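Engineer:
Chains as they are written, first to last, in the numbering used here: chain A, 1 to 528; chain B, 1001 to 1528.
Here it is, written out as structure tokens:
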């Protein structure tokens, strides 16, 4: 006998919560990262009545939103998140912001007070849609239990885009416990727009004519094998420069793969990369801009007289555009750029971001997934990744730190057979360290490396760049993560993750290798 | 020679950031809880050029917003917060939500991209005012450097209300580094509205006539000695029942003080407290409602035919109303309710929330400040507090957990000569455990007690109440904080706070006492 759907009213055949769950499952949404509260208890209870959903608990909502982002980047399909009212959603916003910039599909379910209760300004009352709109262009509030199925289908449709987004469905508690209507149907996903043959042929002539004074900038979902192979043919056939958006949500890197240049973080470097360009073709990327503005500096990065053509917008079919464009050049389909392995580190070398990077690159297993939140340490490490075994690279897409560890949770849930390597700055890691507990509970196959420079190091640089002047003692304290030093080994162990500390290159090399052999999460704190 | 205001443009005499800082200081705002980024570097640099502001770093923004709330509750004046763009503000929202419900004055300064940069959808671009409006009814975006001073004054005015609120000033980075206008003037704070003599005399006759069928419900800033003394005279003189809002941001409790009944959390209990009431006078409180709605239950708690009179709204002068009302009753001004001390615990007793509560109450030093986020454990502890030495009690006002530890930071910064005791559930503590690091850095005089029941225990209750049915194995996992168990001793030590674990009543009693003698933060994990 099936357990009753509700204790409250045994005549209810299928609650709204069950209907929502069934509709999500019907649409292939079968992982839910959650931190539920009272308003979501019906959904939680339904997990045992409707089989197929894997619930993953985060001890802070930012873990859930970041994990859903990581999951979406690796699977290209949405996970659900289940969050509690306005403030619970509030805690998830920073990583939803990153997910929004990554254009990751996410079905974000948020409970609200029962409709009749909303007029009373109870303590947890808040304007839930207002919280949601900060990160979601698609926000709906369920208006009845009977529409739960159709609305859930629409939420999946909105999440999947293209290009993909955080779609938020707000469910007042009474629609979760009341009788629902029919289970929703299959989501109807819009197709991606394709460039016309004329546009592509025109682009090909421009590239052919301008050669290295032209460039193709790719992003979105194109920085994968199919896109890179086509990009290589275009580069070879036209002589044009090939770049990829530094905020691309997932990039395929490593030896044997064509490597477009990654657009630099600081504007001077990016401007140097783009120097002399007269025309840029954009494919699932936007014209590059500076991350921050600085006094006396413009925000755009391309030369002022550089023309821009969009061959595929962010919702367009970039792989099609790349392959069709490549077909305009009569180039054999062999690869021309192959890199050596990096040298292993010597135990006499001191421990620096560069030696850490070399050790990681030397040992990185084939098929690894790197979650990069190294911030100031990344510039020493990322350029080496082309010499590593082939892997996927997931950066912080929206600049909001606290993303790396949750992203690793989601990537590991999505790809249980691959090693996830989270490269994490100490300052950034602190925002969402609760993710380590979820790694432990779910026995996720994650190696975390903490780059412990004990400082918001990037702000030393940014302080100078914004013309804020010399760093006085009080300002210095605000950039300093020491006094007291964080002990990441204890923090990890406190959250159930085995951990060790490396203060020399040899220790790091040994410890990092050991983590790769382990099944389940491990953390190495590299003290710089 | 004064250091230059800027490296960018030495002709700038006073930057917008300096002007903002000077205006805040002029208005007595001299503590700033911050987690700044690039857009706020000018403000950070200005800390060393303009003396008087105490900057306190939080390693997560929710620490800053919760600390500003705790500071405001104890000082009745605003601290500033300094946060980084939309997502940084996003991380602070849950505790700003609590601060909003507490009606705490806070000057919330948020940096945004420079104005010319805002059109470019850079990675960190977001709709900052939209984030702010979720918790702030007063949101302004600086429109020029020259208005920084006057706008800062207006922000202080808005924050102080009455009754007090989170007032948000968004500052585009260029207005921080450009030349400012004049330093702003002194804030002009509106006065609180007072009840008329006629209203008060009318209320007095109703109370006199109805006696125990009438009640006075107080809240806001009235649950302090002056208000309690007047409340006692009203109770004695009229026979009316006296209650206080359970979400009052700060309540004076302890032996020797009159103790109105605290409105219960669960609606059945609250309804029992209010049974038979025919008229309720509200003083800085609103008509009580259920925290959550449950199937088949109404949200209001007073009897349906109970009349309600507002003698002081939340922005009204409640102390005036209480004292004027008390003067209507010819009662001597002696106290009539005095309580015994609690019994000390016996080492043979097992460790329960009740024995922990007794030990805390027995040892609590005079003048302590309790930050309560015990959640399911609170019902065993809070009723004992009337037997403790006199103290202030700060609850979670908006129901958003993750408030207790940050609140303790703010209370300890506000009151360095008093012992702050943060009573914290393990689940709630995990949301903002980064607060422990700030306690360590600032050497704050805080004792943290973790009630480690290793479960979202309150949800076991709420699951039943919402009629969600029996707890199946998957649902059970979502309420379970074990597998792996959190180790709060390691977490605290990892964040620089000395800690110990108690598994028996004797251990708890000894360890708790020891923390009270220490200078600086200590944590005791009480394993239930």
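All C-beta atoms, glycine included, are put in the ideal place defined by N, C-alpha and C. These numbers come from a predicted model, not from an experiment.
In three-state terms, what does DSSP make of residue 1003(B)?
Structural biologist: The residue labelled residue 1003(B) in the question sits at position 3 within the second chain. For residue 1003(B), the predicted structure reports a pLDDT of 43, less than 50, and the residue's modelled location is therefore unreliable. The matter cannot be settled from this model.
Engineer: Based on Cα-Cα distance, which residue from 1216(B), 1247(B) and 1222(B) lies nearest to residue 1236(B)?
Structural biologist: Residue numbering aside, residue 1236(B) sits at position 236 when the second chain is read from its first letter. Closest by alpha carbon: 1216(B).
Engineer: What separation, rounded to the nearest whole angstrom, lies between the Cα atoms of residue 251(A) and residue 1123(B)?
Structural biologist: Along the first chain, read from residue 1 onward, the residue named residue 251(A) stands at position 251. Along the second chain, read from residue 1 onward, the residue named residue 1123(B) stands at position 123. If I take the Cα positions, the gap works out to 17 Å.
Engineer: Need the endpoints of the alpha helix (DSSP H) that residue 1359(B) sits in, please.
Structural biologist: Along the second chain, one-based indexing puts residue 1359(B) at 359. It spans 1353-1363 - the alpha helix (DSSP H) in which residue 1359(B) sits, taken as one unbroken run.
Engineer: Quick check on DSSP: helix, strand or coil for residue 458(A)?
Structural biologist: For the purposes of this step, residue 458(A) is identified with residue 458 of the first chain, where counting begins at 1. It is helical.
Engineer: Taking the beta carbon of residue 1383(B) as the centre, do at least 16 other beta carbons fall within 10 Å, making it buried, or is it exposed?
Structural biologist: Here residue 1383(B) corresponds to residue number 383 of the second chain, with the count starting at 1. Flag for residue 1383(B) reads exposed.
Engineer: Please report the residue range of the beta strand (DSSP E) in which residue 1112(B) lies.
Structural biologist: Locating residue 1112(B) in the second chain gives position 112, where the first residue counts as 1. Where residue 1112(B) is concerned, the enclosing beta strand (DSSP E) stretches over 1106-1112.
Engineer: How do the segment 33-40 of chain A and the segment 61-74 of chain A stand: do at least 3 beta-carbon pairs fall below 8 Å, yes or no?
Structural biologist: These segments touch.
Engineer: Can you tell me whether residue 239(A) is helix, strand or coil according to DSSP?
Structural biologist: For the purposes of this step, residue 239(A) is taken as residue 239 along the first chain, with counting starting at 1. Three-state result, residue 239(A): coil.
Engineer: Put residue 611(A) into one of helix, strand or coil per three-state DSSP.
Structural biologist: This structure leaves residue 611(A) out entirely; chain A is present only between 1 and 528.
Engineer: Starting from residue 297(A), follow its DSSP beta bridges and name the residues at the other end.
Structural biologist: Position 297 of the first chain, counted from the start, is the residue given in the question as residue 297(A). Paired residue(s): none; residue 297(A) is not in a bridge.
Engineer: Could you tell me the alpha carbon to alpha carbon distance between residue 172(A) and residue 1090(B), rounded to whole angstroms?
Structural biologist: Taking the first residue of the first chain as 1, we reach residue 172(A) at position 172. Taking the first residue of the second chain as 1, we reach residue 1090(B) at position 90. Between residue 172(A) and residue 1090(B), the C-alpha separation is close to 23 Å.
Engineer: Would you mind stating whether residue 405(A) and residue 385(A) have Cβ atoms separated by less than 8 Å?
Structural biologist: Taking the first chain and counting its residues from 1, the one referred to as residue 405(A) is at position 405. Taking the first chain and counting its residues from 1, the one referred to as residue 385(A) is at position 385. Taking 8 Å as the Cβ cut-off, residue 405(A) and residue 385(A) do not qualify as a contacting pair.
Engineer: Kindly list the residues whose CB is nearer than 7 Å to the CB of residue 1446(B), restricted to its own chain and excluding five residues on each side of it in sequence; keep chain order.
Structural biologist: Residue 1446(B) sits at position 446 when you count from the first residue of the second chain. So the qualifying residues of the chain are 1408, 1412, 1420, 1422, 1439 and 1521.
Engineer: Tell me where the alpha helix (DSSP H) around residue 319(A) begins and ends.
Structural biologist: In the first chain, the residue the question calls residue 319(A) occupies position 319. Its alpha helix (DSSP H) spans residues 318-326.
Engineer: With 8 Å as the threshold, decide whether the Cβ of residue 299(A) is near any Cβ in chain B.
Structural biologist: For the purposes of this step, residue 299(A) is taken as residue 299 along the first chain, with counting starting at 1. Yes, contact with chain B.
Engineer: For residue 1113(B) and residue 293(A), which I take to be in contact (beta-carbon distance under 8 Å), what is that distance rounded to the nearest angstrom?
Structural biologist: Working through the second chain from its first residue, we reach residue 1113(B) at position 113. Working through the first chain from its first residue, we reach residue 293(A) at position 293. Yes, they are in contact, since the Cβ atoms of residue 1113(B) and residue 293(A) sit about 6 Å apart, within 8 Å.
Engineer: Strictly under 8 Å for the Cβ-Cβ distance: is residue 1044(B) near chain A by that measure?
Structural biologist: Locating residue 1044(B) in the second chain gives position 44, where the first residue counts as 1. Yes, residue 1044(B) lies at the interface with chain A (some Cβ there is under 8 Å from its Cβ).
Engineer: So the candidates are 279(A), 86(A) and 54(A); which of them puts its Cα closest to the Cα of residue 71(A)?
Structural biologist: In the first chain, residue 71(A) corresponds to position 71, counting from 1. Ranking 279(A), 86(A) and 54(A) by Cα distance to residue 71(A) puts 54(A) first.
Engineer: Of all the CB atoms in chain B, is at least one closer than 8 Å to the CB of residue 349(A)?
Structural biologist: Your numbering for residue 349(A) matches position 349 in the first chain. It does not: the Cβ of residue 349(A) has no partner Cβ on chain B nearer than 8 Å.
Engineer: Starting from the beta carbon of residue 1242(B), find every residue of chain A whose beta carbon is closer than 8 Å, and list them in chain order.
Structural biologist: Numbered from its first residue, the second chain carries residue 1242(B) at position 242. Near residue 1242(B) there are no residues of chain A at all, since even the closest Cβ is about 21 Å away, more than 8 Å.
Engineer: Grab me the residues of residue 1371(B)'s own chain with a C-beta within less than 6 Å of its C-beta, minus the 5 sequence neighbours each way, in chain order.
Structural biologist: Counting from one through the second chain, the residue named residue 1371(B) turns up at place 371. Same-chain partners within the cutoff: 1394, 1404, 1407, 1408 and 1422.
Engineer: Taking the straight line between their C-alpha atoms, what separation do you get for residue 388(A) and residue 1509(B)?
Structural biologist: Within the first chain, residue 388(A) is the residue found at index 388, counting from 1. Within the second chain, residue 1509(B) is the residue found at index 509, counting from 1. Looking at the two C-alpha atoms, the distance is approximately 56 Å.
Engineer: Can you grab the Cα-Cα spacing for the pair residue 1429(B) / residue 279(A), in whole Å?
Structural biologist: On the second chain, residue 1429(B) is found 429 positions in, with the first residue counted as 1. On the first chain, residue 279(A) is found 279 positions in, with the first residue counted as 1. Using only the alpha carbons, I get a separation of about 54 Å.
Engineer: Pairs of beta-carbons, one from the segment 1218-1230 of chain B and one from the segment 1289-1303 of chain B, closer than 8 Å: are there three or more?
Structural biologist: Because the criterion of three Cβ pairs below 8 Å is not met, the segment 1218-1230 of chain B and the segment 1289-1303 of chain B do not touch.
Engineer: State buried or exposed for residue 5(A), treating a residue as buried only when at least 16 other CB atoms are found within 10 Å of its CB.
Structural biologist: As a working mapping, residue 5(A) is identified with position 5 in the first chain. With a pLDDT of only 44 at residue 5(A), under 50, the local geometry of the prediction cannot be trusted, and no value is derived from it.
Engineer: Helix, strand or coil: which one does DSSP assign to residue 1035(B)?
Structural biologist: If you number the second chain from 1, residue 1035(B) lands on position 35. Of the three classes helix, strand and coil, the one that applies to residue 1035(B) here is strand, per DSSP.
Engineer: Would a C-beta distance cut-off of 8 Å place residue 186(A) and residue 107(A) closer than the cut-off?
Structural biologist: Along the first chain, one-based indexing puts residue 186(A) at 186. Along the first chain, one-based indexing puts residue 107(A) at 107. Contact flag unset, no.
Engineer: Could you tell me the distance, in whole angstroms, from the CA atom of residue 1200(B) to the CA atom of residue 1242(B)?
Structural biologist: Looking up residue 1200(B) in the second chain gives position 200. Looking up residue 1242(B) in the second chain gives position 242. In a straight line, the C-alpha of residue 1200(B) is about 16 Å away from that of residue 1242(B).
Engineer: Please list the residues of the segment 429-447 of chain A that have a C-beta atom closer than 9 Å to any C-beta atom in chain B, keeping them in chain order.
Structural biologist: Result list: 430, 431, 432, 433, 434, 437, 440 and 441.
Engineer: Tell me which same chain residues have a C-beta within less than 8 Å of the C-beta of residue 1015(B), skipping the five on either side of it?
Structural biologist: Within the second chain, the letter at position 15 stands for residue 1015(B). Hits under 8 Å: 1005, 1006, 1042, 1046, 1145, 1176, 1177, 1178, 1179 and 1180.
Engineer: Would you identify the three-state DSSP class for residue 1015(B), choosing helix, strand or coil?
Structural biologist: One-based indexing of the second chain puts residue 1015(B) at position 15. Of the three classes helix, strand and coil, the one that applies to residue 1015(B) here is strand, per DSSP.
Engineer: For the segment 492-505 of chain A, list every residue whose C-beta sits within 9 Å of some C-beta in chain B, in sequence order.
Structural biologist: So the close ones are 492, 493, 494, 495, 496 and 497.
Engineer: Kindly indicate the opening and closing residues of the alpha helix (DSSP H) around residue 155(A).
Structural biologist: Counting from 1 along the first chain, the entry for residue 155(A) is found at position 155. It spans 148-160 - the alpha helix (DSSP H) in which residue 155(A) sits, taken as one unbroken run.
Engineer: Please classify residue 41(A): does DSSP put it in a helix, a strand, or coil?
Structural biologist: Stepping through the first chain from its first residue, residue 41(A) is reached at position 41. If DSSP states are grouped into helix, strand and coil, residue 41(A) belongs with the helices.
Engineer: When you compare the CB of residue 1001(B) with every CB in chain A, is at least one pair closer than 8 Å?
Structural biologist: Counted from its first residue, the second chain places residue 1001(B) at position 1. With a pLDDT of 35 at residue 1001(B), under the threshold of 50, the predicted position of this residue should be treated as unreliable, and no value is reported.
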